[in-house]
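Structure first, then comments.
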Amino acid sequence: MSPLDKLRALIQRLTPGGGMAERTVKSGAWLAGQNVVGRALQLGFLAVLARVIGPGELGLVGIGLLTLSATKRFTKIGLNHALIQKVEDDVDSHLNTTWMLEIGRGVLISGVLLLAAPFVAGSFFGEPRAVRLIQVLGLSPLLLGFRNPGIVYFRKDLEFHKEFVYKIGGDIAQFVVGVGYAMVHPTAWAFVFGFVAADVTKFFISYAIHGYRPYPSFDVDVAKELIDYGKWLTGSSILYFLYSEGDDAFVGWFLTPTALAYYQYTYRFSNAPATELSQVVTSVMFPAFSKLQTDPEQLRNAFGKTIRMSSFVAFPSAIGIAAVAPEFILTVFGEEWTPAIPAMQVLAFYGLMRAIGKTFGPVWEAIGRPDYVTKMSAIRVVLIAIFIYPMTDAFGIVGTALTVTGIFVFPMLPLDIYITSRAIDIPVRSIVYEFVYPFLASVPMGLVVWSLGRISPFGAPVTLVLLIAVGAVVFSVNVLALQWVSNWNVTNDFQRIYRNLAA
């Protein structure tokens with residue numbers, strides 16, 4: 000069998016099919032692959048720009064992305080979530096109305112950014128150089144508004160092999176265009192052109208890989224149905240921006256664009272492994288949970304396995320990143336970025352909290368209670384608003400990082416656990432139990448890696464590679480030891496996943 004035939008056979012084997020468990024696992028494999036490849040391209044892109052352009056220019060990009068994100072979050076109406084949550088498999092009757100609503104939203108966002116850019120960049124952030132960047136970034140929602148609405152089936156039917164092509168195609172375009180431009184003109188425009196190129200590519204791919212062809216028509220009843228479900232998601236989206244990016248906006252306003260670049264970059268890189276896992280969980284398990292919403296026992300079992308796997312990956316990822324942060328910053332970004340090291344170490348633990356916390360939202364949405372997400376987000380926003388100013392004033396971006404992380408540790412995570420236990424009738428101790436063993440396996444690993452990093456005689460790049468290898472070995476040994484002395488059997492879950500992939 001030729002290498003090409005082997006590749007085709009592998010793709011055929013991994014194409015989602017069969018029962019719900021097999022389809023969910025194979026979809027998760029595709030989405031995990033998508034997130035690994037996509038995140039590698041994105042982080043590689045950001046790392047190149049960090050060295051070529053520097054934090055000053057990237058702070059301008061941060062202002063542009065914050066402004067774009069705010070307008071998108073404040074106008075999100077959760078259309079795809081509403082379609083995925085529907086029990087019916089065929090939602091074609093809703094797609095044209097969805098398309099028209101998305102186009103209207105894209106036009107609105109682009110218009111707002113065009114008109115508001117001078118005020119936002121010049122008056123609020125005090126950086127008039129970001130005006131044109133914001134206006135060009137406004138092309139992104141306009142392009143995505145016209146994309147094929149049929150792509151909702153990729154998630155609704157767990158066809159993530161198609162979404163892989165859609166997303167990775169855009170990431171490749173961003174990397175090629177952005178890095179290519181940066182090599183010739185090392186300015187903030189390299190990021191902007193790469194960002195827009197990704198959305199142009201995704202627009203064309205959406206029509207190339209799905210056969211649905213939308214046409215202008217609008218059903219008022221369908222629109223009311225979609226918006227009625229999405230109203231809570233709109234609220235939670237606004238609140239999500241305030242608690243997940245409001246800290247970025249505060250840093251950009253209160254400190255400087257350079258401080259914003261430090262904060263945003265350390266956030267993205269420190270959170271990447273843990274939050275990419277949570278993205279897989281959210282994207283795969285929401286449609287899977289939705290299909291199990293009428294079977295409480297299966298829903299509880301699926302949730303238990305999900306949080307077990309999330310914790311198993313999130314704990315070592317977060318603790319490991321905190322331990323290697325000094326070597327990572329020096330190796331990937333350079334000495335110009337060393338002031339960001341303490342913030343990265345704190346934000347690594349925020350990534351851990353996010354990865355765990357993201358497990359609860361899909362359950363609430365699947366059982367028809369998206370209002371839980373909104374209400375919990377509101378509490379978090381209020382707490383951040385209370386503490387972020389004094390903490391940032393006292394400790395800079397480290398104080399900002401401590402604020403968002405500390406609030407997640409208490410009271411948000413305990414509240415998430417309690418609400419979920421009541422919503423699906425699962426004991427609190429059963430949820431907390433899933434955190435114990437990953438914690439016990441990860442903490443000794445983190446201590447070993449941190450200690451070796453402080454005494455290593457090698458340069459940062461060599462030390463980083465060695466520390467990652469040592470960390471992986473120590474964690475693996477700890478896992479095997481814990482399984483030997485207790486009833487923790489996480490390897491059984493991996494074996495089950497492998498069997499479903501091989502089926």
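Counting from 0, one number per residue, gives the positions in the sequence shown under numbering that gives the first Met the number 0. Glycine included, C-beta positions come from ideal geometry on N, C-alpha and C.
Checklist entry - Where TYR264 and ASP220 are concerned, what is the direct C-alpha to C-alpha distance, given to the nearest angstrom? => result 44 Å
Checklist entry - Do three or more CB pairs link the region 299-314 to the region 355-362 at distances below 8 Å? => result yes
Next on the checklist: By alpha-carbon positions, which one of GLN41, PRO215, ALA440 and LEU412 ends up nearest to VAL427?
Outcome noted: LEU412
Item to check | Rounded straight-line distance, which links the Cα of HIS160 to that of ASN95 | outcome: 24 Å
Next on the checklist: Give the list of continuous alpha helix (DSSP H) stretches no shorter than 4 residues that lie fully inside the region 336-369.
Outcome noted: 340-356 and 359-365
Checklist entry - So LEU481 and TRP487 are in contact, right, with Cβ under 8 Å, and what is the actual spacing, rounded? => result 6 Å
Checklist entry - Going by other Cβ atoms of all chains shown within 10 Å of its Cβ, with 16 needed for buried, is LEU9 buried or exposed? => result Summary for LEU9: the model assigns pLDDT 49, below 50, so the residue's position carries little reliability; its value from the coordinates is reported in the next sentence. Answer is exposed; the Cβ neighbour count stays below 16.
Checklist entry - What are the boundary residues of the alpha helix (DSSP H) that includes ASN515? => result Nothing about residue 515 can be reported from this structure: the residues present for the chain run from 0 to 502 only.
Next on the checklist: Measuring only the C-alpha atoms, how far is ALA313 from ASP89?
Outcome noted: 35 Å
Checklist entry - Within 10 angstroms of its Cβ, does PRO148 collect 16 or more other Cβ (buried), or is it exposed? => result buried
Next on the checklist: Between which two residues does the alpha helix (DSSP H) holding GLY398 run?
Outcome noted: 396-406
Next on the checklist: I need the straight-line Cα distance from VAL372 to ILE150, nearest angstrom please.
Outcome noted: 25 Å
Item to check | As assigned by DSSP and simplified to three states, the class of PHE386 | outcome: helix
Item to check | Distance between PHE192 and VAL135 (C-alpha atoms, nearest Å) | outcome: 9 Å
Next on the checklist: Measuring only the C-alpha atoms, how far is PHE438 from LEU351?
Outcome noted: 11 Å
Checklist entry - For the alpha helix (DSSP H) that contains MET308, what are its first and last residues? => result 295-327
Item to check | Cβ-Cβ distance between PRO460 and THR330 below 7 Å | outcome: yes
Item to check | Runs of alpha helix (DSSP H) lying entirely within the region 170-212, each at least 4 residues, in chain order | outcome: 188-207
Next on the checklist: On a Cα-Cα basis, can you pick out the residue from THR255, LEU112 and ALA69 that is closest to LEU59?
Outcome noted: THR255
Item to check | Own chain residues within Cβ distance below 7 Å of LYS166, not counting five before or after | outcome: GLN33 and GLY37
Next on the checklist: For ASP415, report the span of its alpha helix (DSSP H) as first-last.
Outcome noted: 412-422
Item to check | Touch test, the region 321-335 against the region 42-52, Cβ-Cβ under 8 Å, three pairs minimum | outcome: yes
Checklist entry - What's the call for PHE194, buried or exposed, on a 16-neighbour Cβ count within 10 Å? => result buried
Checklist entry - Would you call MET182 buried or exposed, if buried means 16 or more other Cβ atoms sit within 10 Å of its Cβ? => result exposed
Next on the checklist: Can you list, in chain order, the residues of its chain with a C-beta nearer than 7 Å to that of LYS85? Leave out the 5 residues immediately preceding and following it.
Outcome noted: none
Checklist entry - How about ALA207 and VAL176: do their beta carbons lie closer than 7 Å? => result no
Item to check | Contact set for THR402: own chain, Cβ-Cβ below 8 Å, skip 5 residues either direction | outcome: ASP246, ILE383, PHE386, ILE387, MET390 and THR391
Item to check | For ASN79, the three-state DSSP class (helix, strand or coil) | outcome: helix
Next on the checklist: Is it buried or exposed, SER485, if we count other Cβ atoms within 10 angstroms and call 16 or more buried?
Outcome noted: exposed
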